[in-house]
Amino acid sequence: MNNRCISILYQLITHKEFTTAKELAAEFNVSERTIRYDLDELDYFLESNSLPLLERKSNAGIRYKLNAVNSEKVKSITSNLNYAYYNISKEERINIILKELFNSNDYITIDELALKVSSSRGTVVNDLKYAKTWLKQRNIILNSSKYKGICIEGNEINIRKAIVEINKNSLKKLNRNVTLDYEDFKVISSLFSKEDISLINTCISEAENNLGIVFSDNSYVNLTIHLGFALKRIRQGNYINSSEVGHFKELVNTKEYKIAEKILTNIEKKLDMKIKDEEIGYVALYLVSSSIAPLEGNDDINDNWVNIQLIVGELINSIQEDMGISLIDDEKLYYGLINHLRPAIYRIKNHMILENPLIEEIKKDYKDIFLIIERNINILERYINKKVNSHEIGYIALHFAASIKRKRKNNIYKPNVLLVCNSGIGTSQILSEAISSRFNVNIIDIISARQLMRSLKSKDIDLVISTVPIENIDIKCITVNPILTKENVSEIQQSIYETNYSRSKDIENILEDLKESPSASRDSYENNLTRTSHVKPMKIYKGGYEPMLKEVLTEDSIEVNVEADNWEEAVRKGGALLLKSDVIEERYIEEMINNVKVNGSYIVIAPGIAMPHARPECGAKGIGFSLITLKNPVPFGNPVNDPVKLMISLCAVDHNTHLKALSELMGILMDEEKVSKIINSNDKHTVLELINS
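1 is the number of the first residue of the sequence shown in the UniProt record's numbering; add one for each residue after it.
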């Protein structure tokens, strides 16, 4: 019996409901015929060990339900399998050899490896040729010495990435809460002691509480794994060198760096061991490329937050023009892309690939959308100076596909649904898209299981849909696969029908109460109706309500035909208008100039249009915009969009409250005719009328 058979067995035990051979084939990337052979092999194994056989049902599939005693028996038998009775495939053998090489801090002989996999010396020598190629592709050398054996050499960051990759099957099972098979269990237990896991989890929880953040379940588990591998390598004397840090320096002012610093400082104290600063950068890089959910009320300012908002605005404008459909007013698309692109940018910059499990389906089902995004992705590539891979383009395509579907839906009542998903961006986006495309529901939020109780207290929820079992809550909860089954779809449909019926009865009851009680308070009635019909008040952020553009860009903050000899003088003159409006301190102007010098001319967001800005803590006092047109165009050093004729300077106090105004502005800037009239106007009153029209 091979490793795939054991994995299938554990998936059936965990899932409990019927699964088809087709679904299993897609999951394990093999044919349905191969799955049927595996299922026969499983039945033989189960019968040989006096265990119940798989339950097979026509038109439903296969399932395996066990009582507690038999479940423990399966775990015990599979955990005690050894290679004398275990049919190891070539792929598994190479995987084991690589794990042994990574786990050793010294040379290891071919005979020792042969013993590990219960194979001949010749077989291992042949396997090492494939292992060497695999390592070379990841810039790691397989070094051999005639009298010592073989060992790996290379950049420490590359080695750690490879260690995580070679253990990815184990990590996937950990994320799904599936019991590990024999080999995975052995490797994981050898890497992480119970004491280390307990220590790491304690330090992560302390960091969450102290810094006001919550990791997604998937990120929480993967961070534990990354820290476990890091501790193992550090104890062996394998540190990240300062020459390897690369983009780490730009992370120093991010919240992720603070989190990494807090976690590693706690570990350092509790283990009484010295951890280098470069290790903080390594963990911070992982965090910034992952899913971290801020607690409500915690408003963190990121180093590149405005840049990303501008890129998103330009991306939406360009793509909607290419599609011939207006998407600029879709807040879900705007916020969704902002939240997605920040970690994506760090992933792309550092050659980290977040595999998109549906990339081929996206290319097929959303071919036109994918190709349009591919044509326009240079907007992002110019900013990061890197090529964007197809996996990331696929994720962006899902955001636009969901936006187009929202556009087409009518405005009938939608039940409020809370999604609970223990994975990060990929799986949760796939599930959200699947539910949004099939059902007319309002997905309130996507959270981890650990955030559930807090969300239920603060949000009005009709239905919880979860990829993990949830118990002891008062609201209807459906447990589903990340890829919805027919049974999942049927159960969700029934629950939505029941919810809609219940809501309609609630409204009828409120109206009936009004008839019977003439003295009923109007406020009470409105509160009840708001609760029942999901009419929400204006969204208020920490920094206050979101003002409209006409409230923050006034005639006093506009000048036309301004003379400037260079870009720096132009920025100063735009900043002077913000200073005059009393929304900034004088140092904010210097920071706008410094921002261009450090980060380049990305602020030239479109042909002839620049939008300088600085971080809020650099002297921002309020939300404000200023607009100047230049008498003579000025180059900023942007190879595509220079020279600049129109400059809008931005000042914000957080990364939320200016978004409505910014969104309105981006809508104006995509109107080429209006922009041309603004640039050519000799009267600022006319400019203001054009903006407000």
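Every residue, glycine too, gets a C-beta built ideally from N, C-alpha and C. For clarity, every value in this text was computed on a predicted model and none was experimentally measured.
(message) For residue 285 and residue 40, I'd like the C-alpha separation in whole angstroms.
(response) Position 285 of the sequence shown, counted from the start, is the residue given in the question as residue 285. Position 40 of the sequence shown, counted from the start, is the residue given in the question as residue 40. Here the alpha carbons of residue 40 and residue 285 stand approximately 45 Å from one another.
(request) Using three-state DSSP, classify residue 616 as helix, strand or coil. (result) Mapped onto the sequence shown, residue 616 falls at position 616. Here residue 616 sits in helix by DSSP.
(request) Give the DSSP-derived three-state secondary structure of residue 138 in the structure shown. (result) Numbered from 1 along the sequence shown, position 138 holds the residue referred to as residue 138. DSSP, reduced to helix, strand and coil, places residue 138 outside both helices and strands of the structure shown, so it counts as coil.
(request) Under 8 Å Cβ to Cβ from residue 653, same chain only, skipping five residues before and after it: list those, please. (result) As a position in the sequence shown, residue 653 is number 653, starting the count at 1. The answer, listed in chain order, is 543, 616, 620, 621, 622, 623.
(message) I'd like the span of the beta strand (DSSP E) that includes residue 153, first residue to last.
(response) The count along the sequence shown starts at 1 and reaches residue 153 at position 153. Start and end: 149 to 154.
(request) Within its chain, find whatever has a CB closer than 6 Å to the CB of residue 451; leave out the 5 residues flanking it on each side and keep chain order. (result) Against the sequence shown, residue 451 aligns to sequence position 451. Here the set comprises 214.
(message) With the cut-off set at 8 Å, would you say residue 649 and residue 676 are in Cβ contact?
(response) By one-based count along the sequence shown, residue 649 stands at place 649. By one-based count along the sequence shown, residue 676 stands at place 676. With respect to residue 676, residue 649 sits apart: the two C-beta atoms are not nearer than 8 Å.
(message) Residues in the same chain with beta-carbon distance under 8 Å from residue 238, minus the five sequence neighbours each way, listed in chain order, please.
(response) For the purposes of this step, residue 238 is taken as the residue at position 238 of the sequence shown. These residues qualify, in order along the chain: 105, 156, 159.
(request) Apply the 10 Å Cβ neighbour rule to residue 673 and answer buried if 16 or more other Cβ atoms are within range, or exposed otherwise. (result) Numbered from 1 along the sequence shown, position 673 holds the residue referred to as residue 673. So residue 673 counts as exposed.
(message) As an exercise, report each continuous alpha helix (DSSP H) stretch of at least 4 residues that is fully enclosed by the region 569 to 607, in chain order.
(response) As far as the region 569 to 607 is concerned, its whole alpha helix (DSSP H) runs of at least 4 residues are 587 to 599.
(request) Take residue 634 and list the residues in its own chain whose beta-carbon comes closer than 7 Å to its own, dropping the five residues that flank it on each side. (result) As a working note, residue 634 is residue 634 in the sequence shown. Excluding sequence positions up to five before and after residue 634, its CB lies within less than 7 Å of the CB of 564, 566, 567, 570, 643, 644, all in the same chain and listed in chain order.
(request) Evaluate residue 308 with the Cβ neighbour count: other Cβ atoms within 10 Å of its Cβ, from every protein chain shown; 16 or more gives buried, anything less gives exposed. (result) To locate residue 308, count along the sequence shown from 1; it is residue 308. By the 10 Å Cβ count, residue 308 comes out buried.
(message) Let me check understanding here. Comparing Cα to Cα, which of 480, 129, 678 lies closest to residue 630?
(response) Working through the sequence shown from its first residue, we reach residue 630 at position 630. Of the candidates 480, 129, 678, the one whose C-alpha sits nearest the C-alpha of residue 630 is 678.
(message) Measuring straight from C-alpha to C-alpha, what distance separates residue 54 and residue 10?
(response) The residue you call residue 54 lines up with position 54 of the sequence shown. The residue you call residue 10 lines up with position 10 of the sequence shown. Their Cα atoms are separated by approximately 12 Å.
(request) Check the DSSP bridge columns for residue 477 and list the partner residues they point to. (result) The sequence position of residue 477 within the sequence shown is 477, counting from 1. Note: residue 477 sits in a beta bridge opposite 464.
(request) Would you mind working out which of 265, 226, 14, 315 sits nearest residue 663, comparing C-alpha positions? (result) Along the sequence shown, read from residue 1 onward, the residue named residue 663 stands at position 663. Cα-wise, what sits closest to residue 663 is 315.
(message) So the candidates are 553, 369, 207; which of them puts its Cα closest to the Cα of residue 257?
(response) In the sequence shown, residue 257 corresponds to position 257, counting from 1. Checking every option, the nearest Cα to that of residue 257 belongs to 207.
(request) Would you identify the three-state DSSP class for residue 705, choosing helix, strand or coil? (result) Any question about residue 705 goes unanswered here, given that the chain covers just 1 to 693.
(request) Could you please give me the residues that DSSP links to residue 373 through a beta bridge? (result) In the sequence shown, counting from the first residue as 1, residue 373 sits at position 373. None, per the DSSP bridge assignment.
(request) Find the nearest neighbour of residue 49 within the set 58, 35, 70, 142, judged by alpha-carbon distance. (result) Mapped onto the sequence shown, residue 49 falls at position 49. Among 58, 35, 70, 142, the Cα nearest to that of residue 49 is on 70.
(request) For the beta strand (DSSP E) holding residue 647, just list the boundary residues, first then last. (result) Here residue 647 refers to the residue found at position 647 of the sequence shown. Segment 644 to 651, the beta strand (DSSP E) holding residue 647.
(request) Work out the CA separation of residue 574 and residue 99 for me, nearest whole Å. (result) Looking up residue 99 in the sequence shown gives position 99. Looking up residue 574 in the sequence shown gives position 574. A straight line joining the alpha-carbon of residue 99 with that of residue 574 spans about 58 Å.
(request) Could you check the C-alpha separation between residue 120 and residue 166 for me, to the nearest Å? (result) Walking along the sequence shown from the start, residue 120 turns up at place 120. Walking along the sequence shown from the start, residue 166 turns up at place 166. Between the alpha carbons of residue 120 and residue 166 lies a distance of about 23 Å.
(message) Whole angstroms are fine: how far does the CA of residue 480 sit from the CA of residue 18?
(response) As a first step, residue 18 is located in the sequence shown; it is residue number 18 there, counting from the start. As a first step, residue 480 is located in the sequence shown; it is residue number 480 there, counting from the start. CA-CA distance, residue 18 to residue 480, rounds to 12 Å.
(message) Using 8 Å for Cβ pairs, my map puts residue 403 next to residue 330. What's the rounded Cβ distance?
(response) For the purposes of this step, residue 403 is identified with residue 403 of the sequence shown, where counting begins at 1. For the purposes of this step, residue 330 is identified with residue 330 of the sequence shown, where counting begins at 1. At roughly 5 Å, the Cβ-Cβ gap stays under 8 Å, so residue 403 and residue 330 are in contact.
(message) Only counting the same chain, and skipping five residues up and downstream in sequence, which positions put a Cβ closer than 6 Å to that of residue 135?
(response) Looking up residue 135 in the sequence shown gives position 135. So the qualifying residues of the chain are 142.
(request) Enumerate in chain order the residues of its own chain whose CB-to-CB distance from residue 352 is below 6 Å, with the five nearest sequence positions on each side excluded. (result) Here residue 352 corresponds to residue number 352 of the sequence shown, with the count starting at 1. Taking C-beta separations shorter than 6 Å and ignoring five residues to either side along the sequence, the partners of residue 352 in its chain run 289, following chain order.
(message) Using C-beta distances below 6 Å, list every residue in its chain close to residue 557, excluding the 5 sequence neighbours before and after it, in chain order.
(response) By one-based count along the sequence shown, residue 557 stands at place 557. If we look at residue 557 and ignore the five residues flanking it on each side, its Cβ neighbours are 577, 581, 626.
(request) May I ask you to list the residues that DSSP assigns as paired with residue 56? (result) The residue you call residue 56 lines up with position 56 of the sequence shown. Answer is 62, bridged to residue 56.
(request) To the nearest angstrom, report how far apart residue 457 and residue 467 are at their CA atoms. (result) Within the sequence shown, residue 457 is the residue found at index 457, counting from 1. Within the sequence shown, residue 467 is the residue found at index 467, counting from 1. C-alpha separation (whole angstroms): 21 Å.
(message) Taking contact to mean 3 or more Cβ pairs, one atom from each stretch, closer than 8 Å, check whether the region 194 to 207 and the region 262 to 272 are in contact.
(response) Verdict: yes, contact present.
(message) DSSP three-state label for residue 714, please.
(response) Because the chain spans 1 through 693 in this model, residue 714 falls outside it and cannot be assessed.
(request) With a threshold of 16 other CB atoms inside 10 Å of the CB of residue 598, please say whether the residue is buried or exposed. (result) The residue you call residue 598 lines up with position 598 of the sequence shown. With fewer than 16 Cβ atoms within 10 Å of its Cβ, residue 598 is classed as exposed.
(request) Just confirm the distance between the C-beta atoms of residue 125 and residue 97, as a whole number of angstroms; I'd bet it's less than 8 Å. (result) Sequence index remark: in the sequence shown, residue 125 carries index 125 (1-based). Sequence index remark: in the sequence shown, residue 97 carries index 97 (1-based). At roughly 11 Å, the Cβ-Cβ gap does not stay under 8 Å, so residue 125 and residue 97 are not in contact.
(message) Beta-carbon within less than 8 Å of residue 607's beta-carbon, same chain only, minus the 5 sequence neighbours each way: which residues are those?
(response) Along the sequence shown, one-based indexing puts residue 607 at 607. Hits under 8 Å: 640, 641.
(request) Give me the Cα-Cα distance between residue 584 and residue 231, rounded to the nearest whole angstrom. (result) Position 584 of the sequence shown, counted from the first residue, corresponds to residue 584. Position 231 of the sequence shown, counted from the first residue, corresponds to residue 231. CA-to-CA, the gap between residue 584 and residue 231 works out to about 46 Å.
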